[in-house]
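In our numbering, the protein residues as written are 4 to 332.
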């Protein structure tokens with residue numbers, strides 16, 4: 004495991020000892036898990052990543068031989084859930100559905116505002132999936148392509164909606180603006196529902212958000228998706244180009260993965276990672292992820308740790324003085 008994900012030597016030793024004590028003795032350690040595993044999810048039931056969390060919990064529970072129970076701790080963009088797990092006993096029985104918001108965006112953009120440290124307070128288990136962010140417009144919008152909208156933004160005053168100041172989607176659109184060399188007024192909303200309502204009513208020109216939850220509305224003809232982030236088109240939406248194709252390279256995505264508290268024994272991390280990989284390989288899980296334009300991404304342990312570090316660096320690079328001023332309290 005990368006040294007960065009272990010913290011100081013003293014902290015590392017203390018937490019590892021606590022993890023072993025929590026497991027009892029060597030025979031109990033070998034039998035892990037002996038009780039249900041709690042998966043802390045930073046969304047309310049049925050909201051956002053909760054559906055992915057329950058899907059993975061169900062698949063892993065079957066493989067582990069013990070239930071994986073979802074514990075919804077919504078609030079502060081997932082930071083409440085992350086803090087709870089950061090402070091939990093490192094015994095493998097409390098893990099986090101991590102996401103780009105609470106383990107990359109917040110640590111990169113506003114580290115002083117969160118009560119935990121990334122990477123020091125966590126041990127990576129594995130990446131689950133990546134979902135692109137997308138530029139949405141109302142079906143009747145005059146803009147037929149992302150290229151057309153970005154060209155118009157150079158001479159016209161346009162606005163974009165997001166689900167909150169300083170969130171992953173907001174920062175993603177700021178990256179689009181920087182790469183395209185355009186200005187666009189940011190209008191934050193408390194959730195996608197109000198944002199879409201105002202966009203359909205003409206109060207804002209577009210909505211930048213994680214694509215997967217809105218794919219159904221695209222297929223129903225309510226919205227049009229002009230472009231998505233990432234390196235390749237989604238098999239679920241083959242007609243939608245990437246920003247990269249139009250010369251605006253924005254690599255950030257909305258991702259989900261599993262992490263444990265720092266100091267969790269290596270054998271426990273490997274055990275969980277192995278069963279996560281097996282869950283991602285099942286047709287049921289793979290098809291459910293791909294159905295709405297996301298892609299499973301089996302990246303265990305060290306690889307996931309490096310992925311998080313790279314994502315933090317990407318968001319930190321987008322933190323211009325103007326952006327930091329906008330998101331500061």
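Heads up, the beta-carbon is just placed ideally off N, CA and C, and yes, glycines get one too. Keep in mind it's a predicted model, so treat the numbers as computed, not measured.
Buried versus exposed, by CB contacts within 10 Å (16 or more), residue i
{"i": "residue 115", "result": "exposed"}
{"i": "residue 279", "result": "buried"}
{"i": "residue 142", "result": "exposed"}
{"i": "residue 31", "result": "Caution applies to residue 31, whose pLDDT of 45 falls short of 50 and renders its modelled position unreliable; the model cannot decide the point."}
{"i": "residue 120", "result": "exposed"}
{"i": "residue 186", "result": "exposed"}
{"i": "residue 26", "result": "Low local confidence applies: a pLDDT of 45 at residue 26 is under 50, so the model's placement there is unreliable, and no value is given."}
{"i": "residue 157", "result": "exposed"}
{"i": "residue 80", "result": "buried"}
{"i": "residue 328", "result": "exposed"}
{"i": "residue 49", "result": "exposed"}
Nearest candidate by alpha-carbon position, reference residue i, set the options
{"i": "residue 146", "options": "205, 174, 119, 35", "result": "205"}
{"i": "residue 126", "options": "330, 318, 270, 67", "result": "270"}
{"i": "residue 260", "options": "40, 55, 34", "result": "55"}
{"i": "residue 295", "options": "64, 68, 135", "result": "135"}
{"i": "residue 51", "options": "37, 77, 39, 34", "result": "77"}
{"i": "residue 310", "options": "99, 49, 122, 140", "result": "122"}
{"i": "residue 318", "options": "155, 266, 169", "result": "169"}
{"i": "residue 99", "options": "111, 113, 112, 124", "result": "124"}
{"i": "residue 224", "options": "308, 314, 144", "result": "144"}
{"i": "residue 35", "options": "97, 84, 58", "result": "97"}
{"i": "residue 258", "options": "266, 58, 105, 277", "result": "105"}
{"i": "residue 315", "options": "57, 256, 196, 155", "result": "256"}
{"i": "residue 57", "options": "292, 306, 329", "result": "292"}
{"i": "residue 249", "options": "151, 155, 159", "result": "151"}
{"i": "residue 91", "options": "195, 266, 196, 37", "result": "266"}
{"i": "residue 308", "options": "38, 84, 101, 159", "result": "101"}
Under 9 Å between C-beta atoms of residue i and residue j
{"i": "residue 275", "j": "residue 95", "result": "yes"}
{"i": "residue 103", "j": "residue 82", "result": "no"}
{"i": "residue 254", "j": "residue 234", "result": "yes"}
{"i": "residue 107", "j": "residue 171", "result": "yes"}
{"i": "residue 93", "j": "residue 241", "result": "no"}
{"i": "residue 198", "j": "residue 251", "result": "no"}
{"i": "residue 176", "j": "residue 138", "result": "yes"}
{"i": "residue 243", "j": "residue 230", "result": "yes"}
{"i": "residue 153", "j": "residue 188", "result": "no"}
{"i": "residue 282", "j": "residue 288", "result": "yes"}
{"i": "residue 149", "j": "residue 191", "result": "no"}
{"i": "residue 69", "j": "residue 40", "result": "yes"}
{"i": "residue 246", "j": "residue 232", "result": "yes"}
{"i": "residue 62", "j": "residue 42", "result": "no"}
{"i": "residue 140", "j": "residue 67", "result": "no"}
{"i": "residue 237", "j": "residue 219", "result": "no"}
Residues near residue i by beta carbon distance below 8 Å, same chain, minus five either side
{"i": "residue 53", "result": "44, 46, 47, 73, 75"}
{"i": "residue 193", "result": "166, 167"}
{"i": "residue 201", "result": "164, 190, 192, 207"}
{"i": "residue 184", "result": "157"}
{"i": "residue 195", "result": "166, 210, 212, 216, 217"}
{"i": "residue 203", "result": "141, 225"}
Residues near residue i in its chain [Cβ-Cβ closer than 6 Å; skip 5 each side]
{"i": "residue 118", "result": "86"}
{"i": "residue 221", "result": "228"}
{"i": "residue 326", "result": "177"}
{"i": "residue 64", "result": "70, 71"}
{"i": "residue 312", "result": "none"}
Neighbourhood of residue i by C-beta distance below 7 Å, restricted to the same chain and skipping five residues each side
{"i": "residue 290", "result": "none"}
{"i": "residue 322", "result": "111, 112"}
{"i": "residue 285", "result": "62"}
{"i": "residue 174", "result": "108, 112, 318, 321"}
{"i": "residue 272", "result": "126, 128, 263, 304"}
{"i": "residue 38", "result": "69, 96"}
Cβ of residue i within 9 Å of any chain B Cβ
{"i": "residue 299", "result": "Included in the structure is just one protein chain, with no chain B present."}
Residue i beta carbon near the ligand ADP (any heavy atom closer than 8 Å)
{"i": "residue 65", "result": "Ligands in the displayed structure: none, and consequently the ligand ADP is not present."}
Exercise. Are there three or more Cβ pairs, one per stretch, closer than 8 Å when the stretch 119-138 is compared with the stretch 291-311?
Worked result: yes
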